[in-house]
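Undergrad: Can you read through this structure? Questions will come right after.
Here it is, written out as structure tokens:
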């Protein structure tokens, strides 16, 4: 299902290279790479100073990242990025499932993402998380982009299980609210890469305020994970982080369902000799 534009040399384009490199990059470079992967249309119009400010990364570090990607500097990198964008929409259309076989392949990928996440989830750890969340005065949940959609699904599922969960998709509001959390509150942050700047800032702020912090990510050694008391890991997917894909949602829904089920109060057992008045059955 994955399709990446290639350069004229036959090597993957800058987006493919950066996406694959994110887990192994230092924090500042990982943040920059993720921002470029998620916002390539903006980056081609940015100056080096603009990107440096937005990613909180030094200009020299960004130039080094461009050189690691195989380019002389930021200008050359932007030219290659613009070229990749020119063919990306067509490549994305060609990669989209169009027949029964491709749709079944997609179904298999989604099923495997859930299965692999389930196999990697420590149920004892999940139970401890559920036990900690159950009595919390409030649980704030934040994610950016598609992770923001997942945050809302988490919030809905936990609310239906009787927990005081609230989802935020506005970064400024999430950060402001996180400052007001405390020991009887929890913060749950969702990020595939674990380096999304606003998400990391949200969990860092919540932890500094004394909240119990949970990270949901594919990278248990990421910057996000370092600010968490507990990390719930999702399976990694072989799909691009750009192009409107929402393939990441099912595996996260599994984690939400697991935590909600474990946190829900036990149902009261029915009376042993219950009868229904007026019934002869």
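In the UniProt record's numbering, the protein residues as written are 1 to 281. We treat Cβ as the ideally placed atom computed from N, Cα and C, and that holds for glycine. This structure is a prediction, so every number in the text was calculated from the model and none was measured.
(1) Check whether the stretch 116-132 and the stretch 219-235 are in contact - that is, three or more C-beta pairs closer than 8 Å.
(2) Could I get the ranges of all uninterrupted beta strand (DSSP E) runs contained in the stretch 111-178, with 3 residues as the minimum, in chain order?
(3) Please report how far the alpha carbon of residue 207 lies from the alpha carbon of residue 199, in whole angstroms.
(4) Label residue 265 either buried or exposed according to how many other C-beta atoms from any shown protein chain fall within 10 Å of its C-beta, with 16 as the threshold for buried.
(5) Please confirm if the stretch 181-190 is in contact with the stretch 212-227, defined as three or more CB-CB distances below 8 Å between the two stretches.
(6) Under 8 Å, with one C-beta from each stretch per pair, do the stretch 107-115 and the stretch 67-87 reach the 3-pair mark?
(7) Under 7 Å: does the beta carbon of residue 188 sit that close to some heavy atom of the ligand COA?
(8) I want to know whether the stretch 242-259 touches the stretch 146-160 - three or more CB-CB distances under 8 Å.
(9) Just to confirm before moving on: does the CB-CB distance between residue 147 and residue 192 stay below 8 Å?
(10) Do the stretch 163-181 and the stretch 133-140 touch if we need at least three Cβ pairs shorter than 8 Å?
(11) Under 7 Å Cβ to Cβ from residue 54, same chain only, skipping five residues before and after it: list those, please.
(12) Quick check on residue 122: buried or exposed, where buried means 16 or more other Cβ atoms within 10 Å of its Cβ?
(13) Can you give me the C-alpha to C-alpha distance between residue 116 and residue 235, rounded to a whole angstrom?
TA: Inspection of the coordinates gives the following:
(1) Yes, they touch.
(2) 138-143 and 165-168
(3) 12 Å
(4) exposed
(5) yes
(6) Judged by Cβ distances under 8 Å, the stretch 107-115 makes no contact with the stretch 67-87, as fewer than three pairs qualify.
(7) In terms of ligand content, the structure shown is empty, and the ligand COA therefore cannot be addressed.
(8) In this structure the stretch 242-259 touches the stretch 146-160; the number of beta carbon pairs closer than 8 Å is three or more.
(9) yes
(10) yes
(11) Contacts found: 35.
(12) exposed
(13) 6 Å
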